[in-house]
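Report on the following structure.
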Amino acid sequence: MKIMYVTSECAPFIKTGGLGDVAGSLPKALAAKGHDVRVFCPLYSAISEEMREKFFYIKNAYVRLGWRNQYCGIFRYEKDGVTYYFIDNEYYFARGQIYGEYDDAERFAYYSKAVLEVLPDLDWKPDIINCNDWQTALVPVYYNLMFASRPFYENIKTVFTIHNIQYQGRYGREILEYVLGIDDAHFRSGFMAMDGDVNLMKAAIVASTAVTTVSPSYAEEIQTEYCGYRLDSVLRMNSYKLHGILNGIDMDAFNPQTDTKIFKQYGPKTPEDKLVNKTELLKLCGLEGDANTPVIGIVTRFVDQKGLDLVEAVLPDILSDDVRLVVLGTGDWKYEQMFIEAKRRWPDKVSASIMFSGDLANRIYAGADMFLMPSKFEPCGLAQMIVSYFLAKKEGVPKEPGHFTIGPVLHGLWESWPALLMPIIIVGTITMGIVSPTEAGVIAVVYGLFAGGIIYRELKWEDIKFAFAETVRTSGRIFIVIGAAKLYTVMLTTAGFDKWVAKTMLGFSTNPTVILIMILLIFFIVTMFMESIATLTLFMPILYPIALGVGINPIVLSVLITVVIGVGLVTPPVGMCIYVACDLMDVTVGEVFPTLVPFIAATFVCIALMVAFPQLILLPTYLMA
Numbered sequence: 012m013k014i015m016y017v018t019s020e021c022a023p024f025i026k027t028g029g030l031g032d033v034a035g036s037l038p039k040a041l042a043a044k045g046h047d048v049r050v051f052c053p054l055y056s057a058i059s060e061e062m063r064e065k066f067f068y069i070k071n072a073y074v075r076l077g078w079r080n081q082y083c084g085i086f087r088y089e090k091d092g093v094t095y096y097f098i099d100n101e102y103y104f105a106r107g108q109i110y111g112e113y114d115d116a117e118r119f120a121y122y123s124k125a126v127l128e129v130l131p132d133l134d135w136k137p138d139i140i141n142c143n144d145w146q147t148a149l150v151p152v153y154y155n156l157m158f159a160s161r162p163f164y165e166n167i168k169t170v171f172t173i174h175n176i177q178y179q180g181r182y183g184r185e186i187l188e189y190v191l192g193i194d195d196a197h198f199r200s201g202f203m204a205m206d207g208d209v210n211l212m213k214a215a216i217v218a219s220t221a222v223t224t225v226s227p228s229y230a231e232e233i234q235t236e237y238c239g240y241r242l243d244s245v246l247r248m249n250s251y252k253l254h255g256i257l258n259g260i261d262m263d264a265f266n267p268q269t270d271t272k273i274f275k276q277y278g279p280k281t282p283e284d285k286l287v288n289k290t291e292l293l294k295l296c297g298l299e300g301d302a303n304t305p306v307i308g309i310v311t312r313f314v315d316q317k318g319l320d321l322v323e324a325v326l327p328d329i330l331s332d333d334v335r336l337v338v339l340g341t342g343d344w345k346y347e348q349m350f351i352e353a354k355r356r357w358p359d360k361v362s363a364s365i366m367f368s369g370d371l372a373n374r375i376y377a378g379a380d381m382f383l384m385p386s387k388f389e390p391c392g393l394a395q396m397i398v399s400y401f402l403a404k405k406e407g408v409p410k411e412p413g414h415f416t417i418g419p420v421l422h423g424l425w426e427s428w429p430a431l432l433m434p435i436i437i438v439g440t441i442t443m444g445i446v447s448p449t450e451a452g453v454i455a456v457v458y459g460l461f462a463g464g465i466i467y468r469e470l471k472w473e474d475i476k477f478a479f480a481e482t483v484r485t486s487g488r489i490f491i492v493i494g495a496a497k498l499y500t501v502m503l504t505t506a507g508f509d510k511w512v513a514k515t516m517l518g519f520s521t522n523p524t525v526i527l528i529m530i531l532l533i534f535f536i537v538t539m540f541m542e543s544i545a546t547l548t549l550f551m552p553i554l555y556p557i558a559l560g561v562g563i564n565p566i567v568l569s570v571l572i573t574v575v576i577g578v579g580l581v582t583p584p585v586g587m588c589i590y591v592a593c594d595l596m597d598v599t600v601g602e603v604f605p606t607l608v609p610f611i612a613a614t615f616v617c618i619a620l621m622v623a624f625p626q627l628i629l630l631p632t633y634l635m636a
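Taking our numbering, the leading residue of the sequence shown gets 12, the next gets one more, and so forth.
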C-alpha cells in the first residue's frame, strides 16, 4: 500500500511533542511491514544545518493560495526505508518557532495545498493520505473541493488523525476566501463553520474518508461534551468512521542502553552509569550538585493543557528543598516567562532552556531522577508508555505472546494454585458430606487468612482487623433482621396469616404452575425492598407448605426462588447488591442499571423456560441417578 503521511513536525528533524514522535516512528513501522510510506513535512529553518545538508533538491513549483502565487521548493531524504519530502518556503517556515505565529492559518493552508499540488511532480500517487491535527486539516478539504475530480487524484482515500482535539484551527470567517481560497458558500452551508468561526478540524472530520485518534478511550472521550471541546456533536454524527488506535512507541529512540545522544549508556545492570548522566547534565545546565542531589526534569510544550499553572503554584515549595529543576520547552509566552523568572530567582537550582532540542531532551530523560508531567489530560501519554515499557523490561515482565502457548498458562496456574484451592475445599468438603455449609464457610475464612497472610504475604494485620470489625457489624445487622423476621413470622402464624394466604392463593387457583408463578412474584417484589435472608425467613415458612400442597417439587421451588431473589437483589428501588457494587465502583445506580436491563430480561426468559419445563432443573438429578 502507498501511504502519504502529512505532518507539521517529525522526529528526528523537528518536534515539539508527541505528534513529532509518532510521525517519526509510525512511518518506519509501516515501512517495515512492506508499505511504501512517504512523509511530508515543512522545511523549517529550525531543522539543523547538519540534517539539511543531507536533503536532496528535486525541483520548485508555485502554489496558488487565495490571490497569491507562492514559491514551493521540494527536497527529498531517505532513511530507514521511508522517503521524506520537505516543502520549502522561507517566508512561511523560516521563523523562530514552528507554531504560534500570527499567520499560522495561512502558513499551514499553504503547506496543505502544496503537498497535494506537488504529487504529479513526484510521479507517485498514494492510496491513502494520512493527515494529522489541525495544521494539516485542509488537506482532505482541498482534496474534496479542488483535486478529487482531476484524473491523477481519483480514488485517493483520506484519513484525518486527531492527536489533541483542544487545538482545532479556529479563525474568523474573513480568512476563508482571502487566505484559504475557499468559497464562502462552504461557510454558509455549515461545512467550514462552527460556532460562528471557520473551524479547520471540523471541516477535516466531515471531509475525510476516515477519522482516527490516538487511543480507543480518547475516541470515546472526545464524543462527550466535557472532552469534545464543542466538536463532540460533530464526532457523534461521524462516529461510523471514527476509530481509536493506540499510539505505539519507538522502543529504540529512548533506550538508554543504545542512545548515542546521552552522556553514557546504561541499563538495569549498570545503574552507576546513570549517575554519570546526572552529573554531566548538571554541568551542562550550569548547576552544582552531586549524586545525592535530586534532579527533576520537565520536557514539554508550554501550553495550558500541560498543567503548567499547577507547577507555578507549587514551584516555591518544590524549590525550598535542595533540588535541581531542569526545564526544556517552548510555547505560550506566559509560561516561557514563568520559567525564565524562576531561573532568575533561583539561579543555583533552576535551568530553563526556552527551545526544543531532541538531544537535550534525551539527556534530561537519562539524567533526571524524577520527571514532572502535571498534564490536565493526555490523549495518549507517550512518556507514560515509555516509562511503563522500560519498567516492565527492568522487572522482567514477558512480552505478550502473539499466539497461544501452554507455558504462560502453566506458570499462571502454578502461581495461583493456593487461591484456586479454596473453592475446591469448600465445594469438595460439602459434597462429600464432611462438613456442613456453615462449617465450610469457617474453613474458607481460616484458609483465606493463611493464604493471604502467609503464602502471598499481601494480607496485613490492619486488613484483618478491619475485616473482622466489618463482619461483626454486618452480621449484627443481619441477625437483628433475621431475629425480627422470625418473631414476625411467629406472630403472623399465631394470628392465622399463613392460613389466610393459603386460602386466598388456593381460592384463586389450584394449578401448580399458577401457584408457582405467584410465589415467585412475591419473592421478587419483596426482595426488591428487603434483604434476602430476611425475606426467606419471613415468607418461606408460609409459602413452602402451600407449594407442597399443590405438588410443586421442592428442588424446582428452591432453584427458582434462588434465581428470583438474585434478580431482586439487583433491581431498584432497594436492590441491595446493585447499591453495594455501585458504592465500591464509585458509580451511580442510574449509570449501571440500564446496562443490567438486558441481563435481567434474559434471566426472566430462563425463569419462564424453567417454569414451563421444570424437567430442565431436574435433569442433572436424573443424570446423576
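Note that CB positions come from ideal geometry on N, CA and C, so glycine has one too. None of the values given here were measured: they were computed from a predicted structure.
Same chain, Cβ closer than 7 Å to residue i, neighbours up to 5 away in sequence not counted
i    : result
L187 : I193, D195, F198, M203 and V209
I69  : I85, F86 and R87
K275 : D284, V287 and N288
F535 : V575, V578 and G579
Residue from the options whose Cα sits closest to the Cα of residue i
i    : options                   : result
R63  : K44, P23, G29 and V93     : P23
F313 : L554, V48, K387 and L627  : K387
G28  : E101, Y229 and N373       : N373
K39  : C21, T515 and F490        : C21
V93  : L531, K44 and T235        : K44
R49  : Y82, A302 and I14         : I14
G279 : I176, N288, T290 and P267 : Going by the sequence as given, residue 279 is Pro instead of Gly. Per the Cα distances, P267.
Y122 : I526, V17, G464 and W357  : V17
E185 : P162, E117 and Q108       : E117
C617 : D359, V570 and K345       : V570
G318 : M384, W428 and G494       : M384
V453 : L431, T482 and E473       : T482
K124 : P137, L149 and K136       : L149
E323 : S331, M349, T311 and Q316 : M349
V581 : V567, I566 and I611       : I611
V245 : M205, T281, T269 and D263 : M205
L253 : Q81, C238, Y229 and V525  : Y229
D91  : I375, H46 and T521        : H46
Identity of the residues DSSP links to residue i by a beta bridge
i    : result
S362 : V337
Q81  : V74
V209 : Y182 and A204
G342 : F313
Y121 : Bridge partners of Y121: none, in fact.
D47  : K13
E89  : T94
P53  : I98
A221 : V170
F67  : R87
Same chain, Cβ closer than 6 Å to residue i, neighbours up to 5 away in sequence not counted
i    : result
T220 : K168 and T169
I365 : T341 and E347
E128 : V74
D261 : S36
T311 : K317 and G340
Y178 : W145
S399 : none
F51  : V17, Y96 and V126
Other residues of its chain near residue i: CB distance less than 8 Å, five sequence neighbours each side excluded
i    : result
K362 : The sequence as given places Ser at residue 362; Lys does not occur at that position. Excluding positions up to five away in sequence, the list reads C296, G297, L298, R335, L336, V337, V338 and K354.
G207 : R184
P448 : I441
F508 : I553
G369 : A22, P23, K26 and K272
TODO: Report yes or no: do three or more beta-carbon pairs, one from the segment 47–60 and one from the segment 82–99, lie closer than 8 Å?
DONE: yes
TODO: Would you check if the segment 303–319 and the segment 377–389 touch, i.e. whether three or more CB-CB distances between them fall below 8 Å?
DONE: yes
Task: Secondary structure, beta strand (DSSP E): runs of 3+ residues fully inside the segment 288–329 - done: 306–310
TODO: Kindly provide the ranges of any beta strand (DSSP E) runs that are 3 or more residues long and lie completely inside the segment 231–262, ordered along the chain.
DONE: 253–255
Open item on the list: I'd like the ranges of any beta strand (DSSP E) spanning at least 3 consecutive residues and lying wholly in the segment 142–189.
Closed with: 168–173
Task: At least 3 beta-carbon pairs within less than 8 Å: the segment 530–538 vs the segment 572–580 - done: yes
- [ ] Note down, one range per segment and in chain order, each alpha helix (DSSP H) of at least 4 residues found wholly within the segment 553–617.
- [x] 565–579 and 587–596
Open item on the list: Taking 8 Å as the cut-off, does the segment 328–346 touch the segment 293–304 (at least 3 CB pairs, one atom from each stretch)?
Closed with: yes
- [ ] Could you tell me whether the segment 169–186 touches the segment 135–154, using the rule of 3 or more Cβ pairs below 8 Å?
- [x] yes
Open item on the list: Using 8 Å as the cut-off, can you tell me whether the segment 446–459 makes contact with the segment 424–437, which would need three or more C-beta pairs spanning the two stretches below that distance?
Closed with: yes
Task: the segment 598–609 touching the segment 624–631, judged by at least three CB pairs closer than 8 Å - done: no
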